[in-house]
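Engineer:
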Amino acid sequence: MAEVELLRAERIGWCVSGSGSGAILNECSVSLHSGKWVTLIGPNGAGKSTLLQLLAGTLGYPRSHFGGSLSWRGQDWCSMRPRERASRIAYVSADLDPAFPVTVEEVLGSGVFASGKCDAIEPALEFCDLASLRSRSITNLSGGERQRVALARALVQGAEVLFLDEALSKMDLDYQLDLGAKLHALVSGARANPVFRLSSVVLVSHDFHLSLRWADQAWVLHRGRMIASGVVREALSEQVLKIIYPKAVPGFLLQK
Amino acid sequence: MRAARILLLPAITLMIVFAASLASGAMEWRDIITQPSLLWELRGARALLAIAVGGALAVSGALLQVLFSNPLCEPYTLGISSGAALGAVLAGSLGAHGVIEGVALGSLGGAILFMLPLAMLASRREVSGQSLLLAGVMLGFFGSSLVALVMALNASSGVSQALVWLLGDLSRASTMGSLISIVLTILATGWVLRRHAELDTLLLGERPARAVGVEVDGLRREVLAVSSLLVAVGVATSGMIGFVGLMVPHLVRRQVGSLHRKVLPLCVLWGAVTVLVSDLLGRILFSPREIPVGVITALVGAPLYFFWLKGRSRHG
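Chains as they are written, first to last, in our numbering: chain A, 1 to 256; chain B, 1001 to 1316.
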C-alpha cells in the first residue's frame, strides 16, 4: 500500500487567553502519513494533549484561540463536521471516569455515533478482550480495564488514525504489549483486518520502552514548540533528549 | 416490543393512582355521580397538573444530571428555581396576590431571567460543566437572599401567600393550565429525545463526548434551555416541589440503565406517579387539612435519598 499523507498541520497554535502569554502551542507543523506509528514525546505540560486534541479537532477551531491551518488528504480539516472528523481520527484520553453507571457495551455503542455502523462492536470487544466484561458497568472496572474499553470504543469509531494519549498507561504489561502489537500489525499492514481500517497511530507514553517499541517516527514537543520531528533515531538525538529530560539523560536514557 | 413492556408498569400504575386521586377526598359519592364536572374542577385538573409537574421535574433532573456530569444535580441546584421564587415574591409584593396568574407569570419571568447568565456562560467554551454548576449554585444563593430581602422590606399578605405557594402547592390548578403544562412537558421531552444518542455519549463526560464528534456546546445550550423550560413549568404552576427531580432519575437508571431513550420516557411516567401519590397523601393524611405536596416529597424523599446514598457507599 502506497504511503499517503493523511493529516497535515501547518504552524498551528493554541492560546487560552487573547494575549501571547497564554500560548499553549506555538506554530507547530506536522505531517502524518499512513502506515506510520508516531511517538509523541515531551515533558509534562509541554502541550502534548493539546496538540493531539487540536489535530483531532475535539476542541473545535475557534478563531479566538486557534491559529494555523490543517488539511486531511488535501481537504480543509477545520471546516469538516465534528462527526466526520471523529470517523477519521479517534482521540483516546488516559481516563474514562463517568459519573453514571454505563455498561461496557453501552460505552462501545457511543462510538457508533461517529461511524454510524454497529458492526464493529463485536470485533472491538474481541480485539480488546472485553467479551466477558460486556455487561459490566465500567464504574466497577479497574483503571486498566477502563482503558481497554476506551480503546475498544475508539476502534468502533471506525477511524483511520488513533491518538493514544497515555491510553495504555494503566494496562498491565501483557495488555500493553499485546494490544500495542496488534495495533502495530494493523498499522504496518502485516495483518489485514476487514473491520478496522487503522492506518496510523500517534502514541503518547512516559514509558520510554513503550513509546519507542513500535515507533517509526518521533515528534518532540517542548514548551509548546515542536523542537524535532522525523525518523526516531534522528529526531531523538542526544542534544534533543538533553533539552527535554535534562536530569534523566546522563544516567538513564543514553545507556539504552 | 421491549420498550412497550418497560413503559407498561408505570403507565398502569399511573392510571390506578389517577383513579384513586379522583376518587378520594371530601366529596360525597352521590355528588360525584350527579355533578361530574364539579369533580373535575376539584380534582381532575389538579391530578393532571401533578402528572405534568412530576414528569417535567423528573425529566429536567435527568437532563441536568447528565449535562453537568453530576448525579447530585436537580432542578433546584441550578438556581433557576430561586429566580422563579424571586419573581413570584416580587409579583406578590406588587399586589398580584389576588391573581394567581400574576404570581405564576412572575415566577416564569424570574426563571428565565436567572437562566440567561447561565446560558451565556454555557456558550463560552472554556467554561466547564463544573464551573457552570458552581455559578448556578451561587445564583441560587443570590436569589434566595433577594427573596429574603423582599420579605424583610415588604410584609404584605401577598408575599406570605406567595411563599406558601412556593412550598409546592397544587391546589390552584386550572384545567387550562394543567393541559398546557402536560403538552409542554411532552413536547419538551420529545424534543430532547431526538438527541438521545448524543446525551448517551455525554454520560461518559465532556471530553469523551467530544471525541466521538458530539458538538457539546450546542447540545449543552439546547438541553439547558429545555430543562429551564421544564423547571419553569413546574415552578410557575405549583411552586417548588423538591426531590422528585433528584430521586426519580436515579431510581429509573437503577431499573433500566442509563440510556436516554429509556430513561427520559420512564422519568415522565414515574415522576408523574411520584407527585400524584405525594399529592394524594398530602390531601388524605391529615384530612381535612392539606399538606403542600412539596412538604411530602421532601419529607419522604430526603430520608430515602440518605439511605440510598448510604447503601451505595457501602457497595462501593
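Note that CB positions come from ideal geometry on N, CA and C, so glycine has one too.
Compute the Euclidean distance between the alpha carbons of B:V1244 and A:E166, then round it to the nearest angstrom.
Structural biologist: Straight-line Cα distance between these residues: approximately 41 Å.
Engineer: What residues in the stretch 120-139 of chain A have a beta carbon less than 8 Å from any beta carbon of chain B?
Structural biologist: Those residues of the stretch 120-139 of chain A that come within reach of chain B (Cβ to Cβ, closer than 8 Å) do not exist; the list is empty.
Engineer: Kindly list, in the order they appear in chain A, the residues whose Cβ is closer than 9 Å to that of B:D1200.
Structural biologist: Residues of chain A passing the Cβ test: V102, E106, G109, S110 and F113.
Engineer: Report buried or exposed for B:M1115, applying the criterion of at least 16 other Cβ atoms within 10 angstroms of its Cβ.
Structural biologist: Result: buried.
Engineer: When you compare each of B:G1092, B:N1070 and B:E1074 to B:G1271 by their alpha carbons, which one comes out closest?
Structural biologist: Selected option, being the one with the closest Cα: B:E1074.
Engineer: Nearest by alpha-carbon distance to B:L1146: which of B:L1067, B:R1005, B:G1083 and B:A1111 is it?
Structural biologist: When each option's Cα is compared against that of B:L1146, the closest is B:G1083.
Engineer: At 4 residues or longer, what runs of the alpha helix (DSSP H) sit wholly inside the stretch 118-148 of chain A?
Structural biologist: The qualifying runs are 121-127.
Engineer: Using only the alpha-carbon positions, how far apart do A:E84 and B:L1299 sit?
Structural biologist: Near 50 Å, if we compare the C-alpha coordinates of B:L1299 and A:E84.
Engineer: Would you give the residue range spanned by the alpha helix (DSSP H) that B:M984 belongs to?
Structural biologist: Because residue 984 of chain B is not part of the residues shown, which for chain B are 1001 to 1316, the question remains open.
Engineer: Hey, does A:Q75 have any beta-carbon neighbour from chain B nearer than 8 Å?
Structural biologist: False, the Cβ-Cβ gap to chain B never drops below 8 Å.
Engineer: Are the C-beta atoms of B:V1212 and some chain A residue less than 8 Å apart?
Structural biologist: Chain A contact via Cβ: present.
Engineer: Name the DSSP beta bridge partners of A:A23, please?
Structural biologist: The partner list for A:A23 (beta bridge, DSSP) reads A:C15.
Engineer: Please report the straight-line C-alpha distance between B:G1301 and B:V1275, rounded to a whole angstrom.
Structural biologist: Their backbone Cα atoms lie some 11 Å apart in a straight line.
Engineer: Rounded to whole angstroms, what is the Cα-Cα separation between A:V187 and B:L1067?
Structural biologist: If you take the alpha carbons of A:V187 and B:L1067, they lie about 37 Å apart.
Engineer: For chain B, check one thing: does any of its Cβ atoms lie closer than 8 Å to the Cβ of A:A90?
Structural biologist: Yes, its Cβ sits closer than 8 Å to a Cβ of chain B.
Engineer: How is the beta strand (DSSP E) around A:M226 delimited, first residue to last?
Structural biologist: R225 to V231 is the extent of the beta strand (DSSP E) around A:M226.
Engineer: How about B:G1239 and B:L1167: are their beta carbons less than 8 Å apart?
Structural biologist: Yes, these two residues count as a Cβ contact at 8 Å.
Engineer: Which same chain residues, not among the five before or five after A:S93, have their C-beta less than 6 Å away from its C-beta?
Structural biologist: So the qualifying residues of the chain are D165.
Engineer: Where does the unbroken beta strand (DSSP E) through A:D207 begin, and where does it stop?
Structural biologist: That residue, A:D207, is in no beta strand (DSSP E); it is neither H nor E in DSSP.
Engineer: Where does B:Y1076 sit, in a helix, a strand or coil, going by DSSP?
Structural biologist: It is coil, neither helix nor strand.
Engineer: Please return the same chain residues whose Cβ sits closer than 7 Å to the Cβ of B:V1099, not counting the five positions on each side in sequence.
Structural biologist: Residue confidence for B:V1099 is low, a pLDDT of 47 falling below 50, so the modelled location carries little weight and cannot support an answer.
Engineer: Under the DSSP definition of a beta bridge, which residues are partnered with A:I89?
Structural biologist: For A:I89, which the question treats as bridged, DSSP gives the partners A:V161.
Engineer: I need the straight-line Cα distance from B:L1072 to B:S1258, nearest angstrom please.
Structural biologist: Computed Cα separation, rounded: 15 Å.
Engineer: What does the alpha-carbon distance come out to for the pair B:L1048 and B:L1229?
Structural biologist: Distance between the alpha carbons of B:L1048 and B:L1229: 18 Å.
Engineer: Do you know whose CA, among A:C15, A:N26, A:W14 and A:H33, lies nearest A:V231's CA?
Structural biologist: Here the closest residue by C-alpha is A:H33.
Engineer: Whole angstroms are fine: how far does the CA of A:F100 sit from the CA of B:S1107?
Structural biologist: Roughly 32 Å between the two C-alpha positions.
Engineer: Could you name the residues of the stretch 192-210 of chain A whose beta carbon sits closer than 9 Å to any beta carbon of chain B, in the order they occur along the chain?
Structural biologist: Those residues of the stretch 192-210 of chain A that come within reach of chain B (Cβ to Cβ, closer than 9 Å) do not exist; the list is empty.
Engineer: Measuring only the C-alpha atoms, how far is A:S176 from A:A185?
Structural biologist: A small fix is needed here, since residue 176 of chain A is Gln in this sequence, not Ser. The alpha-carbon atoms of A:Q176 and A:A185 are separated by roughly 14 Å.
Engineer: Taking three-plus beta-carbon pairs below 8 Å as touching, is the stretch 1250-1270 of chain B in contact with the stretch 1036-1047 of chain B?
Structural biologist: Cβ pair count under 8 Å is below three, so no.
Engineer: Please classify A:E36 as buried or exposed, where buried requires at least 16 other C-beta atoms within 10 Å of its C-beta.
Structural biologist: The question names Glu, yet the displayed sequence has Lys at residue 36 of chain A. So A:K36 ends up on the buried side.
Engineer: Out of B:G1102, B:L1149 and B:M1120, which has the shortest C-alpha to C-alpha gap to B:S1220?
Structural biologist: At residue 1220 of chain B the sequence reads Arg, which differs from the Ser that was named. That would be B:M1120, whose Cα lies nearest to the Cα of B:R1220.
Engineer: Can you look up A:K36 in the DSSP assignment and give me helix, strand or coil?
Structural biologist: Three-state result, A:K36: strand.
Engineer: Among residues of its own chain, excluding the 5 on either side of B:A1173, which ones have a beta-carbon nearer than 6 Å to its beta-carbon?
Structural biologist: Answer for B:A1173: A1045, R1046 and L1049, listed in chain order.
Engineer: Can you confirm whether B:L1299, when its beta carbon is compared against all beta carbons of chain A, has any partner nearer than 8 Å?
Structural biologist: No, because no Cβ of chain A sits closer than 8 Å to the Cβ of B:L1299.
Engineer: Ignore the nearest five residues each way along the sequence and tell me which others in A:L168's own chain have a CB closer than 6 Å to its CB.
Structural biologist: Correct list, in chain order: Q176.
Engineer: From which residue to which residue does the alpha helix (DSSP H) around A:V187 run?
Structural biologist: That run of the alpha helix (DSSP H) goes L173 to S188.
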